[in-house]
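See below for the structure under consideration.
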Amino acid sequence: MTKTLIINGETVSIDVDESMPLLWFLRDRLEFTGTKFGCGSGLCGACTVHLNGQAIRACVTPVGSLADQSITTIEGLSDNGDHPLQKAWLDNRVPQCGYCQAGQIMNAASLLSQNTQPSDQDIEMAMQGNICRCGTYQRIKKAIRDAAD
Ligand code: FES
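In structure tokens form, the structure reads like this:
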């Protein structure tokens, strides 16, 4: 039986081995390459996307487990890169190398959807699993605070 899921608002058939990690389905089959591979073990957050609005790790999520679910990637977060977090990221010049930033933004968007006025402690708790090798953590926190205003 053919399964489908909804990715960035479009219905997509899962015509692959259902055990394939969502990360590779997004990147290799659909060419949504904004979602990055970091550790492949659910430990770094680079591959964070939304499942029905909640942050998940695409590298450890089998695509076959997502039938009829809604996935959002960084490409689908806003129409023109105008999500408040994306604006705040630019205003604060958050990225350094940039590799982890899509995952950071997707996790932050999930946080703000549940908590519109997070404290610094809320932000630190929510973001602690997203690793940045350049150490942009202070700018990430400032951008989240700005987007929440
Ligand atoms: Fe998925 Fe690191 S690549 S958590």
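If you're matching positions, the sequence shown starts at -7 in my numbering and goes up one per residue.
We put the CB at the ideal spot given by N, CA and C, even for glycine.
Quick caveat: nothing in here was measured; it's all calculated off a predicted structure.
Helix, strand or coil at residue i according to DSSP, with G and I counted as helix
i, result
"Thr13", "In the sequence as displayed, the identity of residue 13 is Pro instead of Thr. The answer is strand: DSSP assigns Pro13 an E or B state."
"Ile132", "helix"
"Ser111", "coil"
"Leu22", "coil"
"Ser57", "helix"
"Val4", "strand"
"Val86", "coil"
Endpoints, alpha helix (DSSP H) assigned at residue i
i, result
"Leu104", "93 to 106"
"Leu82", "76 to 83"
Endpoints, beta strand (DSSP E) assigned at residue i
i, result
"Ile49", "A small fix is needed here, since residue 49 is Arg in this sequence, not Ile. From DSSP, the beta strand (DSSP E) with Arg49 extends over 46 to 49."
"Ser62", "62 to 64"
"Thr(-4)", "-4 to -1"
Proximity below 8 Å, CB of residue i to CB of residue j
i, j, result
"Glu10", "Gly56", "yes"
"Thr65", "Asn107", "no"
"Asn122", "Asn99", "yes"
Inter-stretch contact at 8 Å, needing at least 3 Cβ pairs: the region 73 to 90 / the region 41 to 50: no
Three CB pairs or more closer than 8 Å across the region 103 to 119 and the region 82 to 92: no
Lining residues of the ligand FES - beta-carbon closer than 6 Å to any non-hydrogen atom, in sequence order: Phe29, Gly30, Cys31, Gly32, Gly34, Leu35, Cys36, Gly37, Ala38, Cys39, Arg49, Cys51
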